[in-house]
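Asks: Position in the sequence shown (from 1) plus 166 gives the number in the working numbering.
Built from N, CA and C at the ideal position, the CB exists for glycine as well.
Keep in mind it's a predicted model, so treat the numbers as computed, not measured.
Sharing a structure, written as structure tokens. Questions coming.
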Amino acid sequence: MEKTYLDKINETAAFIKANVEKMPDTAVILGTGLGDLVNQMNIEKEIDYKTIPNFPVSTVEGHSGRLIFGTLGGKYIMAMQGRFHYYEGYDMKEVTFPVRVMKAIGVDNLFVSNAAGGMNKEFHVGDVMVITDHINLFPENPLRGKNYNELGTRFPAMTEAYYPEYIALADKIAEEKDIRLMHGVYVGTSGPTFETPAEYEFFRVIGGDAVGMSTVPEVIVANHAGMKVFGVSVITDLGGKDIKEVPTHEEVQKAALKAQPIMTTVMTEMLKRI
């Protein structure tokens, strides 16, 4: 008999529980060029995606493809080094499958990070933006299709998709450490093309501050599952009709590496305090 989506989630969760001694209540998803956070971790266990049943495998340069368990900021966490994207050809159930598994092993707090293009005129390359809300422009919602009540309600609210108390905590840490921390709305698109100047202007007009090709599907599913979400974007390039630079994946990775220390400081301090 063919395995259901629930069966796959439970099978993968059981595999992780059998291979890792202790389960975390907090997980971090690391985006393009931001995988260095794991170098600050006291690592206890690593599992390659390719060895995990039902797991997709990341195909993007800069995404390593490992689940890492250990401590950061004195807190025991799981880190996803490498995520899955809709533009790689995965469907939304596959893109968000790891979040389902996280919930099944007991994760209640999800930290997500990404590299994003900025269209807010106040932003500079290398800024870190706390995501306060998002606009979903993906062509498919990850909750489309059969709803399993075991996983969440049919029509989940997205009023506070990003947990306000964690946003306030990040601001407090930034003030204490004299860190420039921006706020903004993240626009999620399917990619894989970088945006045209007109698209950047459109996203700005509809209320966006930064744009990227990830995060929104995982955040929707995390909210469906009842998790508390905190998200940050590293502004790796700027776009709009008055911006002439043409972004490349390599430049995005370089800019993300520059901003890593800020993101690492904020996240590590937050983990200490939650």
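Using a Cβ-Cβ cut-off of 8 Å (strictly less than) and excluding sequence neighbours within five positions of residue 282, which residues of its own chain qualify?
Replies: Within the same chain, residue 282 has close Cβ partners 295, 352, 376, 377, 378, 399, 400, 401 and 402.
Asks: For residue 352, which three-state DSSP category applies?
Replies: If DSSP states are grouped into helix, strand and coil, residue 352 belongs with the strands.
Asks: Considering just the uninterrupted stretch of the alpha helix (DSSP H) at residue 206, what are its terminal residues?
Replies: From DSSP, residue 206 is part of no alpha helix (DSSP H); its letter is neither H nor E.
Asks: Can you check whether the CB of residue 317 is closer than 9 Å to the CB of residue 354?
Replies: Contact: no.
Asks: Just checking, does the segment 173-183 make contact with the segment 269-280 on the three C-beta pairs under 8 Å criterion?
Replies: A contact exists between the segment 173-183 and the segment 269-280.
Asks: Per the DSSP calculation, residue 277 is bridged to which residue(s)?
Replies: 194 and 396.
Asks: Leaving out five residues on either side along the sequence, give the residues of the same chain with a beta carbon under 7 Å from the beta carbon of residue 439.
Replies: Answer for residue 439: 335, listed in chain order.
Asks: First and last residue of the beta strand (DSSP E) that includes residue 327?
Replies: That residue, residue 327, is in no beta strand (DSSP E); it is neither H nor E in DSSP.
Asks: Out of curiosity, what's the CA-to-CA distance linking residue 347 and residue 292?
Replies: For residue 347 and residue 292, the distance between alpha carbons rounds to 11 Å.
Asks: Flag this pair as touching only if the segment 201-209 and the segment 242-249 have three or more C-beta atom pairs under 8 Å; answer yes or no.
Replies: Verdict: yes, contact present.
Asks: If we ignore side chains and look at the alpha-carbon of each, how far apart do residue 407 and residue 394 end up?
Replies: So the alpha carbons of these two residues sit roughly 36 Å apart.
Asks: Would you call residue 421 buried or exposed, if buried means 16 or more other Cβ atoms sit within 10 Å of its Cβ?
Replies: The residue is buried, with at least 16 neighbouring Cβ atoms inside 10 Å.
Asks: Check each candidate in 350, 194 and 176 and name the one with the smallest Cα separation from residue 437.
Replies: The residue with the shortest Cα to Cα distance from residue 437 is 194.
Asks: Closest to residue 300 by C-alpha separation, out of 425, 250 and 380, would be which residue?
Replies: Of the listed residues, the one whose Cα sits closest to residue 300 is 380.
Asks: Applying the criterion that 16 or more other CB atoms from any shown protein chain within 10 Å of the CB defines a buried residue, is residue 361 buried or exposed?
Replies: Residue 361 is buried by the Cβ-count criterion.
Asks: On the three-state DSSP scale, how would you describe residue 402?
Replies: Strand.
Asks: Using a Cβ-Cβ cut-off of 8 Å (strictly less than) and excluding sequence neighbours within five positions of residue 429, which residues of its own chain qualify?
Replies: Only 200, 203, 279, 294, 398 and 400 meet the Cβ criterion.
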